[in-house]
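Going by this note's numbering, the first residue of the sequence shown is number 7, and it counts up by one from there. Ideal Cβ positions, reconstructed from N, Cα and C, are used throughout, including at glycine. These numbers were taken from a predicted model, which means no experiment stands behind them. Here the structure comes first, spelled out in structure tokens, and everything after it is commentary.
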Amino acid sequence: MKRTLLSAAILLCTILTAAGQPVEAGLARFHVGDDPAWRAPQFDDSAWQVLSLDKTWDDQGIKNAYNYAWYRIRVVIPASLKKGVSDKVLLDLGPIDDTDETWLNGHFVGKTGTNPEDPEGYDSQWSVPRRYIVDAKWIRWDAENVIAVRVYNSGNPGGFFERPVRIGKPELSDFLTLSLKGTKDACQLELRSSIKTAGTLEVSVSEPAEGDIAGILQEQEPVVKKVRLSPGKETRFSWPVKEQGRVKVTYRDNRIDGELTASYAAPYILTPPAPATPRYNGPLVFGVRPGSPVIFRLAFSGDKPMRYAVEGLPEGVKLDPVQGVLSGSVAEKGDYPLVLVATNDKGTTRAAFTLKVGDKIALTPPMGWNSWNCWGLSVSQEKVMASAAALINRGLADYGYAYINVDDAWEAEERAADGSIVCNEKFPDMKGLGDWLHGNGLKLGIYSSPGDRTCGGYLGTLDHEQQDAETWNSWGVDYLKYDWCGYSKVFNAQADRSTASYVRPYLKMQEYLRQQPRDIFYSLCQYGMAEVWTWGHAVDANSWRTTGDITDTWKSLYNIGFTRQTNLYPYAGPGHWNDPDMLVVGKVGWSDQLRDSRLTPDEQYTHITLWSLLAANMLIGCDIAQIDDFTFNLLCNNEVNAVNQDILGRQAHRDVDEDGLQVWSRPLADGGTAVGIFNLNGHDMPVALAEALAKAGIPARDTVRDLWRQQDIPVNAVYNIPSHGVRFIKVK
Ligand code: GLA
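If you want it as structure tokens, here you go:
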């Protein structure tokens, strides 16, 4: 027995000897099954298999897809780890697929996730790194310790999979969390500790001087506060902040080395409120094919109620004068110049507009909403309706947002007996939804895949392409997002890797879409493979995703927006657009748990500015029913949106990329140029506007239009561009 244990120790222990450094163990004894006796340190596991901790058990030949298994890890912990926070040690196990309960030398140290038989039900936490803080009194110093881990796995793959376990000193962040949250005029700090300790908080606030259009921030003298912390008692402070104000807080502990920092930037509204008189904010053209239904809502802001009229309507199209909705169809190709008229008790406004009946649709990028970035797979008809109703009630439809797109997870588990696709119980009446939208001048979008499965694991169209296109037509679908995903199975089974093999599934669906008696916006989603922008137009696509999925972080926005779109400007134009993915402003979450976008206010201005410059699809990704004033200000600035919807349809070119400063510009139909000056640095930057424009080769007169502020500003001035922020201007 002794000899076995000794050899096991030699086999299974890795020791890093440098004093105070963490120790690592990369191997464990492993057994499928479940027995509480296996947590005891003295249990003889010498007959168990040896597994490496950096690969799943599947990858090491174990078949145990849906069950319990145990790992027992032996590690010698050197007494040198005692220094510092001597009463606590960190067991850093890395992520475990799916749940774990862990014991050290027989003492329970923690559990992450819940198992099927737990009262709260099963909850996988496969991606969460396990960091357990252990009382030092359970450690056997300079001797062998046994970490026993009970793992539950609900499906392939399973177990430890990333790296060796580490035993070391905990960091400050293992005991404390510091967060700053707030509103536009107050910032709240919350500090929580799992130990009794004390330290200092250093708070610095910076804000711009009153009415300073240059936006230079002034930093105030930092304030230092002493705090005493104990478990279960949060420390809370709050400070008033001004428009555009920022707060930075640093916590230093008296016992543990290191510091925690958090910062907060108050949201600030730049878009001036819309006037009470009617103002037209929609696109200046609308394309429809001969005979296809015209579905168009007149986008006027201003006091309601309003009455609408349209001059020059061709035969076959009628207007609902109360709702401002056009319907009907036009048989003859041609450009029909119209005048859109809106009247309320403050006045009447007329806007010139062209209805283009021809082969092309999507003459400006699509504007609307998609369910994915907010609800993910938890989407339901009720949630979709809530956003659709809010699109109208909160006034976003008055800015041209018109598509309501249902993403993945509307599909039933099985097709009907005749092979047709059906909705699951969360969508009791898709056709009813379509009818309601059309009656309000809005449009219905749907999602599917050329594969047998979608990305979310739902039914795709494979071998039912024509039937599905017909079903969608019967529901009144106006937009299809067609996502590669499950098609990779078909693709991988064939040797052909030519561009034609990427084009094939999209060409197939295109044929069936065009057979339907309505216009269906065709949105390709295959993440940019085989340079889709070079052939998307050939499959009659109206847009194509150029990258993988976006998320609400600066890293994601930066990678997608500033590195991947640079060379794509030649490929966009009326009818066919590059799609850098949906918007991540407002309340998002990809699940039924929504949160505020993690982008800072400046990053959100950058996001919307860049998408306008890129002539990108403007698909709102948040729950519109919960939209706040800041998000409304981002999405409903008519001068900013006019750049996105400009009828020339030219995507911006990057003119300058120097020291983290980028200038992007696009020519506009009225002869002007839209210019975004972005600061991608981690710090603010004063920028001489005239100089930045000269570098970009853009001639400018004395003033330019600040599009967010809707104000003319002098060219010969220095403006602060906040970190990750932007000045968005139009040069006339
Ligand atoms: C992919 C797409 C996303 C979304 C999901 C749905 O990840 O890129 O936009 O449609 O699938 O499962």
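Through-space distance from residue j to residue i, alpha-carbon basis
i: Ala392; j: Ile630; result: 8 angstroms
i: Cys193; j: Leu184; result: 13 angstroms
i: Ala358; j: Val230; result: 60 angstroms
i: Lys143; j: Leu110; result: 11 angstroms
i: Phe568; j: Val291; result: 29 angstroms
i: His759; j: Gly438; result: Since the first residue shown for the chain is 7 and the last is 738, residue 759 is missing from the structure and cannot be characterised.
i: Asp652; j: Leu450; result: 23 angstroms
i: Leu369; j: Ala408; result: 14 angstroms
i: Ala271; j: Val253; result: 7 angstroms
i: Asp469; j: Trp132; result: 34 angstroms
i: Lys239; j: Asp180; result: 16 angstroms
i: Val591; j: Gln55; result: 50 angstroms
i: Gly445; j: Gly322; result: 17 angstroms
i: Leu402; j: Phe636; result: 13 angstroms
i: Gly1; j: Asn584; result: The question about residue 1 has no answer here: the residues shown for the chain are numbered 7 through 738.
i: Thr612; j: Ala394; result: 26 angstroms
Any non-hydrogen atom of the ligand GLA within 7 angstroms of residue i CB
i: Thr460; result: yes
i: Tyr485; result: no
i: Cys380; result: no
i: Tyr453; result: yes
i: Cys628; result: no
i: Asp598; result: no
i: Asp414; result: yes
i: Cys491; result: yes
i: Cys531; result: yes
i: Asp555; result: yes
Where residue i sits in the DSSP three-state scheme
i: Leu304; result: coil
i: Gln167; result: Reading off the sequence shown, one finds Phe at residue 167, where the question assumed Gln. Phe167 falls in the coil class under three-state DSSP.
i: Gly595; result: coil
i: Gly682; result: strand
i: Leu12; result: Unreliable placement is indicated for Leu12, whose pLDDT of 45 sits below 50; the coordinate value is still reported in the next sentence. Reduced to three states, the DSSP call for Leu12 is helix.
i: Lys495; result: helix
i: Ile262; result: coil
i: Leu96; result: strand
i: Ile719; result: strand
i: Thr183; result: strand
i: Asn376; result: strand
i: Gly382; result: helix
i: Leu22; result: Residue placement at Leu22 is flagged as unreliable, the pLDDT there being 44, under the threshold of 50; a coordinate-derived value is accordingly withheld.
i: Ile787; result: Residue 787 lies beyond the residue range present for the chain, which begins at 7 and ends at 738; the question has no answer from this structure.
i: Phe636; result: helix
i: Gly353; result: strand
i: His470; result: coil
Among the options, nearest to residue i - alpha-carbon criterion
i: Glu431; options: Val134, Val385 and Gly401; result: Val385
i: Thr488; options: Tyr533, Tyr74 and Ser504; result: Looking at the sequence shown, residue 488 is not Thr but Tyr. Among Tyr533, Tyr74 and Ser504, the Cα nearest to that of Tyr488 belongs to Tyr533.
i: Ile556; options: Arg570, Asp602 and Met588; result: Met588
i: Val211; options: Val428, Arg551 and Pro246; result: Pro246
i: Ser307; options: Ala282, Ile301, Pro320 and Gly330; result: Ala282
i: Tyr74; options: Ile102, Trp478, Met312 and Val82; result: Ile102
i: Asp414; options: Asp424, Arg421, Gly217 and Ile452; result: Ile452
i: Lys561; options: Asp191, Ile301 and Leu686; result: Leu686
i: Ala706; options: Pro728, Arg733 and Gly678; result: Gly678
i: Glu471; options: Pro434, Phe243, Leu513 and Cys491; result: Leu513
i: Asp661; options: Phe684, Phe167, Val171 and Asp474; result: Phe684
i: Ser269; options: Ala220, Leu186 and Gly330; result: Leu186
i: Met691; options: Arg604, Arg137, Leu223 and Arg551; result: Leu223
i: Trp596; options: Tyr158, Gly165, Ser377 and Pro586; result: Ser377
i: Trp670; options: Val496, Val693, Ile145 and Ile704; result: Ile704
i: Thr105; options: Phe167, His613, Arg520 and Ile727; result: Phe167
i: Glu420; options: Gly463, Arg242 and Asn498; result: Gly463
Cβ-heavy atom distance, residue i to the ligand GDP, below 7 angstroms
i: Cys193; result: For the structure depicted, the ligand GDP is absent and the ligand set comprises only the ligand GLA.
If you pair each beta-carbon of the region 250-267 with each one of the region 193-204, do three or more pairs fall below 8 angstroms?
-> Three or more Cβ pairs closer than 8 angstroms define a contact, and the region 250-267 meets that threshold against the region 193-204.
Mind the definition here: the region 296-303 touches the region 325-340 only if three or more C-beta pairs lie below 8 angstroms; say whether that holds.
-> With the rule of 3 Cβ pairs closer than 8 angstroms, the region 296-303 counts as touching the region 325-340.
Between the region 662-680 and the region 635-642, do at least 3 Cβ pairs fall closer than 8 angstroms?
-> Contact between the region 662-680 and the region 635-642 is absent: fewer than 3 CB-CB pairs across the two stretches fall below 8 angstroms.
Do the region 78-88 and the region 118-129 meet, that is, are 3 or more Cβ pairs less than 8 angstroms apart?
-> At 8 angstroms Cβ cutoff, the stretches do not touch.
Is the region 721-737 close to the region 607-621, with three or more CB pairs under 8 angstroms?
-> Yes, the region 721-737 is in contact with the region 607-621.
Are there three or more Cβ pairs, one per stretch, closer than 8 angstroms when the region 347-357 is compared with the region 372-387?
-> Too few Cβ pairs lie closer than 8 angstroms, so no.
Evaluate contact between the region 498-508 and the region 474-486, counting only Cβ atoms and requiring at least three cross-stretch pairs below 8 angstroms.
-> With the cut-off at 8 angstroms, the region 498-508 and the region 474-486 do not touch.
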